[in-house]
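In the working numbering, the protein residues as written are 8 to 250.
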Amino acid sequence: MPIHDWTRVRANRFHDFHQRWTIAICNEINAGRLPPGYFAMVEQKTGGPEPDVVTLELTPRPGIEPGGIAVDVAPPKARIVARAEAIGFARKANRITIRHPDGEVVAVIEIVSPGNKETRHAVRSFARKAVEFLLAGVNLLIVDLFPPSRRDPQGIHKLIWDYVRDEPFSLPPDKPLTVAAYADGPETTAYVEPIAVGDVLPEMPVFLAPGRYVPCPLETSYRIAWEQFPSPLKEPLEAPREP
């Protein structure tokens with residue numbers, strides 16, 4: 008199945024697909040692809056403790072007339088109002104971990120969300136977190152279906168690799184998307200596959216130990232997630248582009 012142009016829809020639609028896709032990847036990996044005792048899990052990323060949602064009851068205090076205002080629920084007025092929904096969805100996005108029989112995390116699969124590239128801080132934080140995994144001996148697979156921006160002009164791999172080794176890297180102009188596998192070992196090794204909208208996702212390695220890996224079924228799981236994606240949400244992605 009060809010990769011869709013996810014820049015054509017809002018972040019909430021990709022978030023829905025992202026969650027379905029991570030679950031499909033996890034299920035496919037657990038379906039006999041791992042050595043005995045190893046297992047994959049879907050886990051939610053968090054940027055910190057998630058507070059419980061508290062419902063505020065707007066009941067008048069004793070002695071306050073029903074017409075009085077205790078808490079203002081009208082939208083505050085300001086000359087400029089800015090909103091950024093993509094970052095919130097990135098915080099809620101799933102990641103996949105693969106664990107050794109003793110429970111130790113040996114690999115992480117991350118699918119980049121629009122919010123991961125929404126700001127310079129967000130994209131740098133994503134790259135630093137990836138390097139933290141590598142420094143801790145955790146192998147990585149990064150899937151980025153969003154084209155470079157001014158914050159990552161050569162894609163997410165270049166930002167990650169700059170923390171590991173300072174060397175030139177340029178994406179082919181006709182292949183602006185990236186899938187990259189990172190293997191821990193005596194030396195960190197990156198396996199980078201530039202791709203584009205319309206391509207079929209390649210089968211990439213997920214390393215479990217130095218020299219040992221299993222193929223990640225990106226294409227199969229993408230197709231499964233797409234089949235389950237609601238039809239009304241597919242329409243903008245399937246519509247032909249206007250000239």
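Cβ atoms here follow ideal geometry from the backbone N, Cα and C, with glycine treated the same way.
Could you check the C-alpha separation between residue i and residue j for me, to the nearest Å?
i, j, result
"R135", "Y170", "8 Å"
"Q161", "P155", "6 Å"
"R219", "F133", "26 Å"
"E50", "L215", "18 Å"
"R40", "C33", "10 Å"
"D173", "G192", "19 Å"
"G110", "I116", "16 Å"
"K165", "L147", "15 Å"
With 16 as the cutoff for other CB atoms within 10 Å, does residue i come out buried or exposed?
i, result
"L142", "exposed"
"R127", "exposed"
"E242", "exposed"
"M8", "exposed"
"D151", "buried"
"R27", "buried"
"V186", "buried"
"D159", "buried"
"A114", "buried"
Is residue i helix, strand or coil by DSSP?
i, result
"F153", "coil"
"P212", "strand"
"R127", "helix"
"V171", "helix"
"E242", "helix"
"E194", "coil"
"E111", "coil"
"R15", "helix"
"F24", "helix"
Under 8 Å Cβ to Cβ from residue i, same chain only, skipping five residues before and after it: list those, please.
i, result
"F21", "W13, F96, S120 and P121"
"N37", "F46 and A47"
Only counting the same chain, and skipping five residues up and downstream in sequence, which positions put a Cβ closer than 6 Å to that of residue i?
i, result
"I76", "Low confidence applies to I76: its pLDDT is 44, below 50, so where it sits in the model is not reliable, and the reading given next is rough at best. Once the five neighbours on either side are set aside, I76 has no close Cβ partner at all."
"R108", "Here residue 108 turns out to be Pro, not Arg, going by the sequence shown. Excluding positions up to five away in sequence, the list reads G44."
In its own chain, which residues sit with a C-beta less than 7 Å from the C-beta of residue i, not counting the 5 before and 5 after it?
i, result
"E35", "P224, T227 and S228"
"F24", "A232 and F236"
"G205", "P9 and I10"
* Say whether the region 226 to 240 touches the region 193 to 204, bearing in mind that this needs 3 or more beta-carbon pairs closer than 8 Å, one atom from each stretch. => Counting Cβ pairs under 8 Å, fewer than three are found: no touch.
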